[in-house]
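Below is one structure, written out as structure tokens; the observations come after it.
There are 2 protein chains.
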Amino acid sequence: MDVRSVRSPAMTDVAKLAGVSHQTVSRVLNDHPNVREQTRLRVRAAIAELGYRPNRAARALVTGRSQLIGIVAQNTTLYGPASLLAAFEQAAAEAGFAVSVGSVNRLDRESIAGAVDRHLDQRVAGLVVIAPVASADDALEGMPEDVPLVTIDGDPARSQALVTVDQAAGARLATQRLLGAGHRTVWHVSGPPDWYDAAGRIEGWRSALQAAGAEIPPMVAGQWSPSSGYDAGRMLARMPEVTAIFTANDAQALGLLRALNERGLRVPADVSVIGFDDVPEAAYYIPPLTTVRQSFHEVAHAGLELLLQQISGSATEGEQVVIAPTLVERASVAEPRA
Amino acid sequence: MDVRSVRSPAMTDVAKLAGVSHQTVSRVLNDHPNVREQTRLRVRAAIAELGYRPNRAARALVTGRSQLIGIVAQNTTLYGPASLLAAFEQAAAEAGFAVSVGSVNRLDRESIAGAVDRHLDQRVAGLVVIAPVASADDALEGMPEDVPLVTIDGDPARSQALVTVDQAAGARLATQRLLGAGHRTVWHVSGPPDWYDAAGRIEGWRSALQAAGAEIPPMVAGQWSPSSGYDAGRMLARMPEVTAIFTANDAQALGLLRALNERGLRVPADVSVIGFDDVPEAAYYIPPLTTVRQSFHEVAHAGLELLLQQISGSATEGEQVVIAPTLVERASVAEPRA
DNA sequence: GCGCGTATTGTTAGCGATCACAAGAACGGC
DNA sequence: GCCGTTCTTGTGATCGCTAACAATACGCGC
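See below:
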């Protein structure tokens, strides 16, 4: 009696206590139909009494699948990826899956492939890859066919399961808002054009101008960083004809706002600005930033659902989900001065 | 010949190809000493030829330990936690470990315990818990003794392995900088006082004032959010005697800057401000924010090292590591007006 | 009463690694 | 030439679970 077992209880211990075979315990655990209600209860009681928890490694060994979902993301320090990651983790936890992260520093083929490989090592049940540039998509080319895969932000032209945000629609929203306020045209500080997101926003901006019959000014090519917004701002501040600017993200807008401020230009009185992302700080920029919000929560949920469908084998081939962004009105847009 | 095996190769396949027993393959894989060099090479070649990768589930089953590290964090959307997570993931990957995240929404006992439990289910090799408030520490009380555990930001009074940033030192740095610029005293907008970080910053601020013989003004209690900085700013802006403010983090400082700006106060000409965190955007606030930087990279590395020591059994009892923050000078500090 | 289908439970055989132990080879000392 | 070490390799059991199959019980129709 005094000799307490050091190791945690296994299925056979539960079986012994409940007076059944270990297989019956397994059936109860996996909700198999053909178990008598009374037996099921007895097993449940034994499980509770022993504080038994199934050994996932053993299960993974025999089924060949773990309850782990791998996620490959880049630069998870930034607001966007970090939010996506958090949303994913939460959604997965609700579905009984754990999430293993593999962040990469660069989005080249090699880095991505390495991260994917590490996850495959762990025998993940499925894989989510955030592939915002073509090179990341490319790295997925040689993937084994049999592991469920969902791509986020990837190339819609590929036939994988994919979740994206309709960047062009968001850009159109922003551009139309500025045109609607009476601006003759809208300037755009872009993100790195090899990113799908940036390309989509450029396209949406262009198409909205075109549809409105407005002049299409040259695009100012930038990066995602505040510093590139700052640089663009210094340049645009010298051009009096610039009265409305749409930036590819909020960080850029922050830098832009500072550059305009330094040059003595007031936002929105002199220049109107719209960003993209709706980071938590955007409401406290000077002035509060009107911006486009993309719901990472929706993206994560849609992505997980697609993945779970594949895992359970009920997947429709190459399904794609597109999430619509929305415009968040704050105080950085006004009519142009007469 | 044409019948290609569907399943991935196992150790016995490698053994057969190399003409040795599976046990010898295992020895090569685990770098056991007593294997003849020639044999080792033959096995390595066979491994490469088959593209063999060991099955972690099988290994975990027999050893009782996975190559997974669990990490419990709150609100991983914020810059601080997100950075810590990313740094940890990277450090762990270098050491051959995968990282499983469990974010929690609230820091109460129950949430933390739940996240810990889910990780224990996965049979993690070790656990990192970010425990910035007492309730999180409390949740760790009932933890099984045998799983390696490192706490980040926890209570130094407890005897666990712990990594913290010396918040008080950082606050002293900021306060002394402002006093050094000639301000009679420094006001402080605090974080939620039940957070260890916030408490440390309050204490450092107080002690620096005390040491300098400066008057200690009432503390303005805030949250971590920009809105609380904004609220504090609106109040402080009405008080002409306020010339120097130290905020508990950069997000607060952002809100504060906007409130001051709205009231027509210039920073740093009228009021000097120092923040805490050095978020990437801080350099692009208006004006660029002088702030205190804590190196998440160092924290993560120290934490992982402590954890790996425990996992390998070479741990010194209850070791604690303290990381020193540094001051980052920008443009939000100046001498007070005469 | 016999046969058959269905619900419930048990038995056995792996999954793919590690561990403990044993066996054979090589080598030096007497 | 025999014996005891040390180095190297192999054998068999085992981890805790699920899958496949077997066995038993029960009910029903003829």
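Here the protein sequences come in this chain order: A and B.
Heads up, the first sequence is in the working numbering, so the first residue is 1 and it goes up one at a time.
Heads up, the second sequence is in the working numbering, so the first residue is 1001 and it goes up one at a time.
Using N, Cα and C, we set each Cβ at its ideal position, and we do this for glycine too.
Leu1149 (chain B) sits in a strand when the DSSP states are folded into three classes.
For the beta strand (DSSP E) assignment, the uninterrupted runs of no fewer than 3 residues enclosed by the stretch 265 to 295 of chain A are, from N- to C-terminal side, 272 to 277, 290 to 293. Within chain A, the residues whose beta carbon sits less than 8 Å from that of Gly1255 (chain B) are Tyr284, listed in sequence order.
Remark: C-beta atoms of Ala248 (chain A) and Gly222 (chain A) approach each other more closely than 8 Å. Three or more Cβ pairs closer than 8 Å define a contact, and the stretch 308 to 321 of chain A falls short of that threshold against the stretch 270 to 290 of chain A. Beta-bridge annotation (DSSP): His183 (chain A) is not paired with any residue.
Contacts with chain B at 8 Å (Cβ-Cβ) include Thr77 (chain A).
A straight line joining the alpha-carbon of Phe246 (chain A) with that of Leu307 (chain A) spans about 35 Å.
No residue range can be given for Thr316 (chain A), since it is assigned to no beta strand (DSSP E) and is classified by DSSP as neither H nor E.
Taking 8 Å as the threshold, the shortest C-beta distance from Asn1030 (chain B) to chain A does not fall below it. Interface residue (Cβ-Cβ distance to chain A less than 8 Å): Pro1218 (chain B) is not classified as such.
Within the DSSP bridge table, the entry for Thr1326 (chain B) names B:Arg1293 as partners. Straight across, the Cα-Cα distance linking Asp1121 (chain B) with Ser1111 (chain B) is about 15 Å. Annotated three-state conformation of Phe1246 (chain B) is strand, per DSSP.
Assigned with DSSP and collapsed to three states, Ser1159 (chain B) falls in coil, not helix or strand.
A direct Cα-to-Cα measurement between Ser1207 (chain B) and Arg1184 (chain B) gives close to 15 Å. Annotation for Ile216 (chain A): no beta strand (DSSP E) segment contains it, and DSSP assigns it neither H nor E.
If you check the CB distance, Gly126 (chain A) and Ile69 (chain A) come in under 8 Å.
Taking the Cβ atoms as the reference, Leu50 (chain A) lies roughly 4 Å from Pro9 (chain A), within the contact range of under 8 Å.
Your pair Gln167 (chain A) and Gly204 (chain A) checks out as a contact, with CB atoms roughly 6 Å apart and the cut at 8 Å. With three or more CB-CB distances shorter than 8 Å, the stretch 298 to 305 of chain A counts as touching the stretch 90 to 100 of chain A.
Under the Cβ distance rule, Ser103 (chain A) counts among the residues neighbouring chain B, one pair being separated by less than 8 Å. In the structure shown, Thr76 (chain A) adopts coil according to DSSP, grouped into three states.
Against chain A, the CB of Gln1122 (chain B) has a partner CB under 8 Å away; the residue lies at that interface. Assigned with DSSP and collapsed to three states, Leu1140 (chain B) falls in coil, not helix or strand.
Taking a Cβ-Cβ threshold of 8 Å, the residues of chain B close to Pro226 (chain A) are Pro1280, Glu1281, Ala1283, Tyr1284, in chain order.
Ranked by Cα distance from Ile1216 (chain B), the options B:Trp1224, B:His1188, B:Ser1227 are led by B:His1188. Counting the other Cβ atoms within 10 Å of the Cβ of Thr1326 (chain B) gives fewer than 16, which makes it exposed.
The beta carbons of Leu256 (chain A) and Ala282 (chain A) sit no closer together than 8 Å. Judged by DSSP secondary structure, Ala98 (chain A) falls within the beta strand (DSSP E) whose first and last residues are 98 to 104. Sequence-distant Cβ neighbours of Arg1027 (chain B) in its own chain, meaning closer than 8 Å and more than five residues away, are Asn1034, Val1035.
For Asn1249 (chain B), no Cβ of chain A is located within less than 8 Å of the residue's own Cβ. For Tyr1052 (chain B), no Cβ of chain A is located within less than 8 Å of the residue's own Cβ.
Per DSSP, reduced to three states, the secondary structure at Leu29 (chain A) is helical. Against chain A, a Cβ distance below 7 Å from Arg1258 (chain B) picks out Tyr284, Ile286. In the three-state reduction of the DSSP assignment, Leu1084 (chain B) falls in the helix class.
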